[in-house]
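Using our numbering, the letters of the sequence shown correspond one by one to residues 1 to 189.
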Amino acid sequence: MVRKLVIRKLELVNHGPFRGHHEFHLPSEGLGVLVAPNEFGKTTLLTAIGDILWGTRELRRNWLAGSTEPHRGAIVFEWVEEDGTRRYTVTRDFDVNRVTCTEVRRDKARTVFDGRHNPSGRTRSNRLWPDEHLQAIWARMTQEAFQHICMVQQPAPERINQQLLQQLVVGRGDVTAREARERLVERFR
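Now the structure itself:
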């Protein structure tokens, strides 16, 4: 089965250098390249994807936004498959650590998840989103793996965490960490 993940849109409200509501539409084909001067939010856009999906322990609220102004983000992505397309919208309210995820497939919408997710939380209810729901709709991947492997950055990271390598090559035989890193960097470059 051919599957392709396509990120369609990113919305940020008072996140990082982006004050107010901002929408970013991403190309569905080819390579998207972000070009802007330093300190204009290129890295914030990339890290915002991980912040929305997995949460963040860092304070990324826009420094000019008032405490009563909302701080949230949303990502819209699709899984394009042979039998149709599934569109997901994941919204995170950073102020209260609330995540809402909806799926639209064949013009039918359903709520996949609606609840709290505190990335610092250790209770079972705080682990439902990243450990079960997110892995089912996105990929069996950690935030660290996404940031270091799937986000193309220049230069390629010189050092990839050993635990991350083990997560990525589980069941791959007797591949050494060095060989795995070389393969991963080459594959995802």
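From the three backbone atoms N, C-alpha and C, an ideal C-beta is built for every residue, glycine too.
Give me whichever residues DSSP pairs with residue i in a beta bridge.
i	result
residue 103	88 and 110
residue 3	81
residue 12	22 and 73
residue 93	72 and 98
residue 66	Answer by DSSP bridge pairing: none, since residue 66 is not bridged.
residue 115	99
residue 61	15
If we ignore side chains and look at the alpha-carbon of each, how far apart do residue i and residue j end up?
i	j	result
residue 10	residue 182	31 Å
residue 75	residue 90	5 Å
residue 137	residue 63	32 Å
residue 144	residue 15	20 Å
residue 4	residue 140	15 Å
residue 112	residue 56	21 Å
residue 43	residue 125	31 Å
residue 155	residue 142	Note that residue 155 scores a pLDDT of 48, beneath 50, so its modelled location is shaky and nothing firm can be said.
residue 20	residue 65	8 Å
residue 22	residue 82	33 Å
residue 52	residue 102	14 Å
residue 132	residue 54	12 Å
residue 45	residue 39	12 Å
residue 95	residue 118	10 Å
residue 25	residue 47	16 Å
residue 130	residue 59	20 Å
residue 27	residue 80	14 Å
residue 110	residue 7	19 Å
residue 17	residue 37	13 Å
residue 84	residue 108	12 Å
residue 29	residue 135	24 Å
residue 61	residue 120	17 Å
residue 33	residue 70	29 Å
residue 68	residue 35	32 Å
Quick check on the DSSP output: the alpha helix (DSSP H) that includes residue i runs from which residue to which?
i	result
residue 19	It is not in any alpha helix (DSSP H) - residue 19 instead sits in the beta strand (DSSP E) that spans 18-25.
residue 54	42-54
residue 126	124-128
residue 136	134-137
Please look up how many angstroms separate the CB atoms of residue i and residue j, rounded, as I've assumed it's under 8 Å.
i	j	result
residue 114	residue 100	5 Å
residue 13	residue 72	5 Å
residue 147	residue 50	6 Å
residue 78	residue 87	5 Å
residue 127	residue 116	No, residue 127 and residue 116 are not in contact; Cβ-Cβ is about 11 Å, not under 8 Å.
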